[in-house]
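Asks: Number 70 in my numbering belongs to position 70 of the sequence shown; there are no gaps in the numbering.
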Amino acid sequence: MFGVGGPELLIICVVALIVIGPKKLPELLRSLGKGVAEFKRVGNDVKSTLDEEVSKAETEARKREVDEELARRRTEKANQEADAAEAAAENAKIAAASAKADLEKVQSGSEPEAGSTPESAEQSAPETAKNKA
């Protein structure tokens, strides 16, 4: 402690006893002890306050990271759903165009193409049976 060993501390105590006197030395040491205890308490309060602030900052940083990851995942999911909806819409357009072409061919009296969609083939099958009868 401050480079003061046992012999040095004994010399300081003897000098203090001679200078201050035996009656006031216990009172002075008591006051000195209270002051040191007060400094320790204040130091511990500052340390605990700093620890709490660091903990709050770390918690906020973790929360922000989690929120960013959650937002990223939601955006990714929404993009996937939008892509799936676009693909479904494109497939519906293709099916509608194929059905329209098959309908136009049936109305004009010709058979639909063999490569047409199964739905159009099912629709044209009863009509073909009616035409043959």
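The beta-carbon is built from N, C-alpha and C at its ideal position, and this holds for glycine as well.
1) By a C-beta neighbour count over all protein chains shown, 10 Å radius and 16 as the cutoff for buried, is Asp102 buried or exposed?
2) So Leu17 and Leu10 are in contact, right, with Cβ under 8 Å, and what is the actual spacing, rounded?
3) Considering just the uninterrupted stretch of the alpha helix (DSSP H) at Gly35, what are its terminal residues?
4) Cβ atoms of Ile20 and Leu32: under 8 Å apart, would you say?
5) Identify the continuous alpha helix (DSSP H) that holds Pro7 and give its terminal residues.
Replies: Let me lay it out:
1) For the purposes of this step, residue 102 is taken as the residue at position 102 of the sequence shown. Burial check for Asp102: the Cβ neighbour count within 10 Å reaches 16 or more, so the residue is buried.
2) Along the sequence shown, one-based indexing puts residue 17 at 17. Along the sequence shown, one-based indexing puts residue 10 at 10. With a contact defined as Cβ atoms closer than 8 Å, Leu17 and Leu10 miss out at about 11 Å.
3) Sequence index remark: in the sequence shown, residue 35 carries index 35 (1-based). In this chain, the alpha helix (DSSP H) harbouring Gly35 covers 25-108.
4) Against the sequence shown, residue 32 aligns to sequence position 32. Against the sequence shown, residue 20 aligns to sequence position 20. Cβ distance not < 8 Å, so Leu32 and Ile20 don't count as in contact.
5) For the purposes of this step, residue 7 is taken as the residue at position 7 of the sequence shown. 6-20 is the extent of the alpha helix (DSSP H) around Pro7.
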